[in-house]
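In what follows, a single structure is set out as C-alpha cells and then discussed.
Numbering (the numbering used here), first residue to last: 17 to 288.
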C-alpha cells in the first residue's frame, strides 16, 4: 500500500517548479491533489501530471493572499473527496531590490503571498480540522494531518537584494512553529522545508529566463554552482521528496522542525 493512499492534499503554487513536483510526488505516493495557480495553463498541466502519476486532481485558480481563494481550496478538497489531510504552503514570488531601492509595493507583494497566503490557508484548514478532531476524539480515533510550509535558506541566513523574500520566509518559519504548538492537540504536524538554490525559473539565469524579471544573474549562478559541495544545484524533486516524507505517517512524531534542503549550501559564502 502506498504511504499516502487515499489521502487528500492541497499544494499552493503548484503549476510549476517545486509546487508541481510536490503535487506529482504526493500523487505517486497515493494522494489526490488540489492544484492551485494563478494561471489556467500551468494548473491544467500540473493536473495532468498528477493524473499521470496515479492521482486525481482538481484545480482552483487564484492567489491565496485572498482568504476567499484559501477557503475555496479547502472546499474543493472536501467537495471532491470528502476529506483534507495535507496542506503544502508553497506559493511564493520574488521582487528583488536592494533595501534602499525597494518599494512598499515590492515588499508587500511578497509578504502578502508568502505570509498572508500561508496564514489564510492554514486558518481555513485548521477550522475544518478542529471539527474533524472533535468527532475523532469521541470515537477514539487518532488521525494525524500535516502542514508543510516551504520556507527558504534565505529565511534562515538572509540574502542580499531580497530583504522582502528573506523576511517573508523567516516569518513562515515563525508561523510553522506557532501552528505546531497550537494544533498539536488536534494531531496536526506542522513542519517546514528550507530549500537552497533549486533549479526553477526563479533561479534560472536572468539573461535567458523564460519569465522576464525573474532569475539571478548568470555570473552569480555560475559562482554558486562552482562552489556547491555536491557539484550541482538542487532540482524540484529534491524538495518534493522531503515534503512527501513530512506529509506521510513516517513523520507522525516530528513537528515544529525546519528541514534544510540545500546540498550543503550553508557551508559556503555564496555572496563572496
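Glycine included, each C-beta is placed from N, C-alpha and C at the ideal position.
These numbers were taken from a predicted model, which means no experiment stands behind them.
Neighbourhood of residue i by C-beta, 6 Å cutoff - its chain only, sequence neighbours within 5 removed
i           : result
residue 286 : Because the pLDDT of residue 286 is 49, which lies under 50, any placement of that residue in the model is unreliable, and the number read from its coordinates should be weighed accordingly. Excluding sequence neighbours, residue 286 sits near 240.
residue 35  : 27, 29, 106
residue 78  : 85
residue 58  : 31, 32
residue 123 : 180
residue 83  : 136
residue 273 : 207
residue 65  : 40
Residue i Cβ short of 8 Å to the ligand ADP heavy atom set
i           : result
residue 124 : Ligands are entirely absent from the displayed structure, and the ligand ADP is therefore not among its contents.
Extent of the continuous alpha helix (DSSP H) run through residue i
i           : result
residue 42  : 33-44
residue 49  : Where residue 49 is concerned, there is no enclosing alpha helix (DSSP H), although the beta strand (DSSP E) it sits in stretches over 48-53.
residue 241 : 234-243
residue 189 : 179-199
residue 260 : 252-263
residue 204 : Here residue 204 belongs to no alpha helix (DSSP H); instead the beta strand (DSSP E) covers 204-211.
residue 134 : 133-155
residue 124 : 120-127
Beta-carbon proximity list for residue i, same chain, < 7 Å, skipping 5 on both sides
i           : result
residue 159 : 152, 203
residue 20  : 42, 45, 46, 47, 263, 264
residue 171 : 182, 185, 186, 188, 189, 210
residue 87  : 140
residue 257 : 41
residue 23  : 46, 47, 101, 102
residue 72  : 48
residue 246 : 279, 280
Proximity winner among the options, relative to residue i (alpha-carbon distances)
i           : options            : result
residue 201 : 22, 149, 80        : 149
residue 183 : 238, 89, 131       : 131
residue 31  : 109, 60, 273       : 60
residue 92  : 253, 39, 50        : 50
residue 248 : 255, 214, 66, 67   : 214
residue 127 : 115, 117, 94, 111  : 111
residue 173 : 283, 142, 270, 194 : 283
residue 251 : 271, 218, 113      : 218
residue 98  : 75, 270, 193, 144  : 144
residue 108 : 96, 125, 118, 114  : 125
residue 271 : 154, 155, 62, 197  : 197
residue 193 : 155, 275, 216      : 275
residue 129 : 155, 25, 169, 52   : 52
residue 231 : 216, 243, 242      : 216
residue 94  : 25, 113, 115       : 25
Residues near residue i in its chain [Cβ-Cβ closer than 8 Å; skip 5 each side]
i           : result
residue 267 : 162, 205, 207, 261
residue 191 : 131, 134, 135, 138, 165
residue 146 : 202
residue 54  : 31, 77, 78, 79
residue 255 : 34, 37, 38, 166, 209, 211, 214, 277
residue 199 : 142, 145, 163, 206
Which of helix, strand or coil DSSP assigns to residue i
i           : result
residue 23  : coil
residue 57  : helix
residue 72  : coil
residue 106 : coil
residue 162 : strand
residue 176 : coil
residue 80  : coil
residue 113 : strand
residue 214 : strand
residue 281 : helix
residue 171 : helix
residue 89  : helix
residue 30  : coil
residue 62  : helix
residue 249 : coil
residue 288 : Legend: pLDDT at residue 288 = 36, less than 50; position of this residue unreliable, value from coordinates given subsequently. Reduced to three states, the DSSP call for residue 288 is coil.
residue 266 : helix
N- and C-terminal bounds of the beta strand (DSSP E) containing residue i
i           : result
residue 275 : 274-277
Report yes or no: do the region 263-283 and the region 177-187 share at least 3 C-beta pairs separated by less than 8 Å? Result no; under three Cβ-Cβ pairs closer than 8 Å.
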